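Notes follow once the structure below has been shown.
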Amino acid sequence: MREDLLQEFPSLERYIYLNTASIGLVPRRTIEAIRDFSERAMREGSAYLDEDMEEGIFEELRRASSRLMKCDEDDVAIFSSVTEAINSLAWALRGGGKIISTSLEFPSLIYPWIRVGKEKNWSLELLKSDLLVDEDELLKRITEGVRAVCLSHVEFLTGQRLNLREIAERAHEVGSLLIVDGIQAAGCIPIDVKSLDVDFYVFGGYKWLLGPMGAAAAYIREELSDELEPGIVGWRSVEDMWSLDASSMRYSRGARKFEYGTSSYDSKVGLAKSIEYLLEIGIESIHERDMRVSERLMERIREIEGIKIVTPQNRGPIVTIEADRPYDLLKMMERGGRKLIASVRRGLIRFSIHLYNDYEDVEEASDRLAEAVKSLS
């Protein structure tokens with residue numbers, strides 16, 4: 023393990039950590055930034071966190087997020103979670119129609135549409151999928167009357183990476199929006215929201231971006247932001263937040279009007295630091311390395327009898343396998359000099375590889391998997 027990585031992630035001495043798709047490890051510099059901000063804010067109150075500082079508290083994260091997504095700063099809104107952002111957007115959308123998604127999506131991407139659909143003239147259609155999204159079939163479902171298509175950039179279960187540009191083209195042909203959850207992509211896959219031509223792209227910080235919980239950011243296409251009124255509003259939503267004038271509400275410019283109130287400011291400070299750290303390394307370089315290391319894991323797993331890889335070729339750095347007794351297998355794999363950390367999701371074992379993993383990690387993981395299979399057979 024490289025010394026610079028151990029400096030930022032000292033727990034790597036104790037773990038083979040293949041679980042970033044669940045929770046990413048946070049670099050030391052981010053932890054220190056959060057600690058410094060929190061301690062001063064709690065000890066000194068507004069002597070430290072004065073009005074000017076609070077008004078601009080999201081700007082560092084906004085700048086970092088705009089660089090990450092290759093968009094204008096005015097098109098970035100700061101949230102506390104992907105769930106919060108999707109709910110705000112769902113309540114904001116006008117008109118009726120159909121919402122299209124798939125049965126493979128994480129519930130937080132679907133539940134808001136079910137809830138809001140009870141109040142609006144919407145219907146929800148989920149493309150039934152076993153393990154992988156049939157993109158050809160998905161494109162066929164996007165027809166006149168579809169209000170929005172809501173999907174993940176990278177699917178949480180198998181790591182399947184969807185062709186967003188093609189989906190966006192089809193959606194826009196019929197007057198539909200493309201709304202994307204990028205929580206399993208941001209930080210490990212290069213993102214250019216203008217090139218992808220999406221309308222709304224949101225990510226949370228605590229997975230591949232190696233940030234804290236409680237921070238998220240979203241790109242909102244300028245035309246969409248101008249058209250909509252936010253589904254959730256508060257004292258930060260307006261042009262002059264410190265006017266504290268409850269008699270009128272003049273929205274802030276661009277996507278900022280979707281920000282509404284006091285939140286976990288330390289998380290936003292921390293996520294900005296983590297994104298800057300990743301940008302310093304280079305998302306393209308991280309992506310290339312993550313894919314090489316995860317491919318090595320796949321090569322070795324293919325040699326193990328009784329194990330089926332369900333992750334497709336078009337993927338992020340996730341490797342998901344199907345095997346008998348997945349919980350028992352994973353429990354046996356944990357044992358060793360360093361404890362191996364991975365996940366079971368919907369009865370499948372999921373490994374997720376990021377910048378702090380190397381060939382040694384995945385070779386050890388595949389060796390342990392082979393031994394566990396042999397022991398349980």
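Each step along the sequence shown adds one to the number in the numbering used here, with nothing skipped, and position 64 is 86. For each residue, glycine too, the CB sits at the ideal point set by N, CA and C. Bear in mind the structure is a predicted one, so any value in this text is a computation, not a measurement.
Item to check | Presumed contact (8 Å Cβ cut-off) between A86 and I323, rounded CB distance | outcome: The count along the sequence shown starts at 1 and reaches residue 86 at position 64. The count along the sequence shown starts at 1 and reaches residue 323 at position 301. Not quite, the Cβ-Cβ distance comes to about 35 Å (not below 8 Å), so this is no contact.
Item to check | First and last residue of the uninterrupted beta strand (DSSP E) at K120 | outcome: Here residue 120 corresponds to residue number 98 of the sequence shown, with the count starting at 1. Its beta strand (DSSP E) spans residues G119 to T124.
Next on the checklist: Bridge partners for Q182 per DSSP, in chain order?
Outcome noted: Translated into the one-based positions of the sequence shown, residue 182 becomes position 160. DSSP lists R337 as partners of Q182.
Item to check | Secondary structure of D267, DSSP reduced to three states | outcome: For the purposes of this step, residue 267 is taken as residue 245 along the sequence shown, with counting starting at 1. Residue state, collapsed to three classes: coil.
Checklist entry - Three-state secondary structure (DSSP) at A277? => result The sequence position of residue 277 within the sequence shown is 255, counting from 1. Looking at A277 - three-state DSSP - the assignment turns out to be helix.
Item to check | Distance between S397 and W135 (C-alpha atoms, nearest Å) | outcome: As a first step, residue 135 must be located in the sequence shown, where it is residue number 113. As a first step, residue 397 must be located in the sequence shown, where it is residue number 375. Going from the Cα of W135 to the Cα of S397 covers about 45 Å.
Checklist entry - Roughly how many angstroms lie between the CA atoms of D74 and R314, to the nearest whole one? => result Taking the sequence shown and counting its residues from 1, one reaches residue 74 at position 52. Taking the sequence shown and counting its residues from 1, one reaches residue 314 at position 292. Their backbone Cα atoms lie some 45 Å apart in a straight line.
Next on the checklist: I'd like the ranges of any alpha helix (DSSP H) spanning at least 4 consecutive residues and lying wholly in the segment 79-145.
Outcome noted: 81-91, 104-114 and 129-139
Checklist entry - Since Y241 sits in a beta bridge, which residues does DSSP pair it with? => result On the sequence shown, position 219 is the one that residue 241 refers to. V98 and Y223.
Checklist entry - Between Y241 and V220, is the Cβ-Cβ spacing less than 9 Å? => result As a first step, residue 241 must be located in the sequence shown, where it is residue number 219. As a first step, residue 220 must be located in the sequence shown, where it is residue number 198. Their beta carbons are under 9 Å apart, which means Y241 touches V220 by this criterion.
Checklist entry - Looking at the unbroken beta strand (DSSP E) that takes in Y400, where does it start and where does it end? => result This structure cannot speak to residue 400, because the chain is shown only from 23 to 399.
Checklist entry - Is it true that the CB of D383 sits closer than 9 Å to the CB of L40? => result Here residue 40 is taken as the residue at index 18 of the sequence shown, counted from 1. Here residue 383 is taken as the residue at index 361 of the sequence shown, counted from 1. In this structure, D383 lies closer than 9 Å to L40 by Cβ.
Checklist entry - How is the beta strand (DSSP E) around D203 delimited, first residue to last? => result The residue you call residue 203 lines up with position 181 of the sequence shown. D203 -> beta strand (DSSP E) spans L199 to D203.
Checklist entry - So Y287 packs on K279, CB below 8 Å; how close in whole Å? => result In the sequence shown, residue 287 corresponds to position 265, counting from 1. In the sequence shown, residue 279 corresponds to position 257, counting from 1. The Cβ separation is near 19 Å, so there is no contact.
Checklist entry - Rounded to the nearest angstrom, how far is the Cβ of G236 from that of S289, given a contact under 8 Å? => result For the purposes of this step, residue 236 is taken as residue 214 along the sequence shown, with counting starting at 1. For the purposes of this step, residue 289 is taken as residue 267 along the sequence shown, with counting starting at 1. Contact flag correct, Cβ pair sits at about 3 Å.
Checklist entry - What does DSSP give as the partner residues of E385 in its beta bridges? => result Translated into positions along the sequence shown, residue 385 becomes position 363. Looking at the DSSP assignment, E385 forms no beta bridge with any residue, so it has no partner.
Item to check | E245 to A238 span [Cα, whole Å] | outcome: For the purposes of this step, residue 245 is taken as residue 223 along the sequence shown, with counting starting at 1. For the purposes of this step, residue 238 is taken as residue 216 along the sequence shown, with counting starting at 1. Rounded to the nearest angstrom, the two C-alpha atoms are 21 Å apart.
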